[in-house]
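Here our numbering is used: the sequence shown runs in plain steps of one and ends on residue 372. Here is the structure we will look at.
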Amino acid sequence: MKFIDEYRDAAAVRRLAAEIARRVTRPWTLMEICGGQTHSIIKFGLDELLPAGLTLVHGPGCPVCVTPVELIDAAVALALRPGITVCSFGDMLRVPGSRLNLLTARARGGDVRIVYSPLDAVAYAAQHRDREVVFFAVGFETTAPANAMAVLQARRAGLTNFSLLVSHVLVPPAMEAILAAPDSRVQGFLAAGHVCTVMGLAEYGPLAARFRVPIVVTGFEPVDILRGVLECVEQLESGRADVTNAYARAVRAEGNLHAQRLVREVFTTVDRHWRGLGAIPRSGLGLRPEFAGFDALLRHGIPDTTPGPETGCIAGDIMRGNAKPHQCPAYGTRCTPEQPLGAPMVSSEGACAAYHRYRRRPPGG
Ligand code: SF4
Numbered sequence: 008m009k010f011i012d013e014y015r016d017a018a019a020v021r022r023l024a025a026e027i028a029r030r031v032t033r034p035w036t037l038m039e040i041c042g043g044q045t046h047s048i049i050k051f052g053l054d055e056l057l058p059a060g061l062t063l064v065h066g067p068g069c070p071v072c073v074t075p076v077e078l079i080d081a082a083v084a085l086a087l088r089p090g091i092t093v094c095s096f097g098d099m100l101r102v103p104g105s106r107l108n109l110l111t112a113r114a115r116g117g118d119v120r121i122v123y124s125p126l127d128a129v130a131y132a133a134q135h136r137d138r139e140v141v142f143f144a145v146g147f148e149t150t151a152p153a154n155a156m157a158v159l160q161a162r163r164a165g166l167t168n169f170s171l172l173v174s175h176v177l178v179p180p181a182m183e184a185i186l187a188a189p190d191s192r193v194q195g196f197l198a199a200g201h202v203c204t205v206m207g208l209a210e211y212g213p214l215a216a217r218f219r220v221p222i223v224v225t226g227f228e229p230v231d232i233l234r235g236v237l238e239c240v241e242q243l244e245s246g247r248a249d250v251t252n253a254y255a256r257a258v259r260a261e262g263n264l265h266a267q268r269l270v271r272e273v274f275t276t277v278d279r280h281w282r283g284l285g286a287i288p289r290s291g292l293g294l295r296p297e298f299a300g301f302d303a304l305l306r307h308g309i310p311d312t313t314p315g316p317e318t319g320c321i322a323g324d325i326m327r328g329n330a331k332p333h334q335c336p337a338y339g340t341r342c343t344p345e346q347p348l349g350a351p352m353v354s355s356e357g358a359c360a361a362y363h364r365y366r367r368r369p370p371g372g
């Protein structure tokens, strides 16, 4: 298949792994940002091809994983209210809230529907004007344009029964928070290619310069990922800290200007609480005041969005690069995909789900 086979070519993967091994002279720790990259790395065993001392740690780029407990609780509360339909992507349904998840809310009579696009939720609202329809708008810069489009379409269609429960987060502020932590081990980043497809490269220059870390825009297939690793290692070994694009077939330096305009029209930057990582200033998107009528929290009056209690899940340590999933005491025992204790075990992009699916054993296990 074009654009797949050539990026999964075993000979090319072996060549790149050998080149990386040739270039590495000392230990380095790199973080891949995106959960999709994590899944590729674990699925294809790419980390096991790397030389000893070159460590890949798994970043916070799983939107389901970082959606705060209090917004899961808000979604559950909305779903249990008569007259309200909550529309969500499927992998949000089993993410634990502080008491219930959306799947349990549905079992208790709540109206929760799985959709594949926010525009499906807009269409549902248009067909069911007697119901209030809330779309759970979760995601990074990648999904924000489609959610902005949904709001604009709903406004154009004169819908007064459609709103968003917004949990949008932004990648660069999270990278900054990780690098600024006193115990940070991260020496280089594989930036998320799809986020850069939308946002371009401009935001990364100041981060690379301030923290002296290479930031390499990287794709998702094995050859893409090892090219990103090689570029990162070459920079580290030669003392450089640049922003480079190793995913040029999808990413342009300026990003997608039309998508950026859409996002700016509907959303503004806000402080955001990240599950596992805590509060990060100016790390999220919220609806602009002129779109307040589409804000589900304002519209339906659920004011309690204070952080919920922690569950003993060490996802925050994992997403900061300070632990691996199979080092969690609950991994595969108290926490499984069927009975998740934390979101990364149940999200399709979660690091713990990747380790579990591809049968990574606990150390000594
Ligand atoms: S294994 Fe479960 S409890 Fe442990 S970090 Fe992952 S999601 Fe959290």
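Even glycine gets a Cβ: it sits at the ideal position worked out from N, Cα and C.
With a Cβ-Cβ cutoff of 7 Å, do T62 and T36 count as a contact?
yes
Mind the definition here: the region 144-151 touches the region 69-84 only if three or more C-beta pairs lie below 8 Å; say whether that holds.
yes
DSSP three-state call for L126: helix, strand or coil?
helix
Does the region 111-119 come into contact with the region 358-368, if we say contact requires no fewer than three beta-carbon pairs (one atom in each stretch) closer than 8 Å?
no
Other residues of its chain near A17: CB distance less than 7 Å, five sequence neighbours each side excluded
none
Which stretch, first to last residue, makes up the beta strand (DSSP E) that contains C41?
35-41
Spatial neighbours of G339 in its chain, beta-carbon cut-off 6 Å, leaving aside the 5 residues before and after
none
Determine contact between the region 21-28 and the region 228-238, defined as no fewer than three beta-carbon pairs at a distance below 8 Å.
yes
For the ligand SF4, I want to know if Y365 counts as a neighbour, meaning its beta carbon is within less than 6 Å of at least one of the ligand's heavy atoms.
no
What residue range does the alpha helix (DSSP H) around L284 cover?
First-last for L284: undefined, no H or E at that position.
Ranges of the beta strand (DSSP E) found wholly within the region 90-158, counting only runs of at least 3:
91-95, 118-121, 139-146
Three-state secondary structure assigned by DSSP to A84
helix
Could you name the residues of the same chain whose beta carbon sits closer than 7 Å to that of G293, not counting the 5 residues immediately before and after it, in chain order?
V173, F274, T275, V277
Whole angstroms is fine: what's the gap from L100's alpha carbon to V64's?
27 Å
Quick check on G104: buried or exposed, where buried means 16 or more other Cβ atoms within 10 Å of its Cβ?
buried
Going by DSSP, which residues form a beta bridge with V64?
M38
Residue range of the beta strand (DSSP E) that includes A198
195-199
Below 7 Å between beta carbons: does that hold for A253 and V223?
yes
Using only the heavy atoms of the ligand SF4, determine whether one of them is closer than 6 Å to the beta carbon of M326.
no
Residue span of the alpha helix (DSSP H) that contains L264, given as start and end:
264-273
Could you spell out where the alpha helix (DSSP H) holding H363 opens and where it closes?
358-364
R306 vs S170 beta-carbon contact at 7 Å:
yes
On a Cα-Cα basis, can you pick out the residue from R217, D80, G195 that is closest to I40?
G195
Using only alpha-carbon positions, find the residue among L85, A155, S95, A28 that is nearest to R295.
A155
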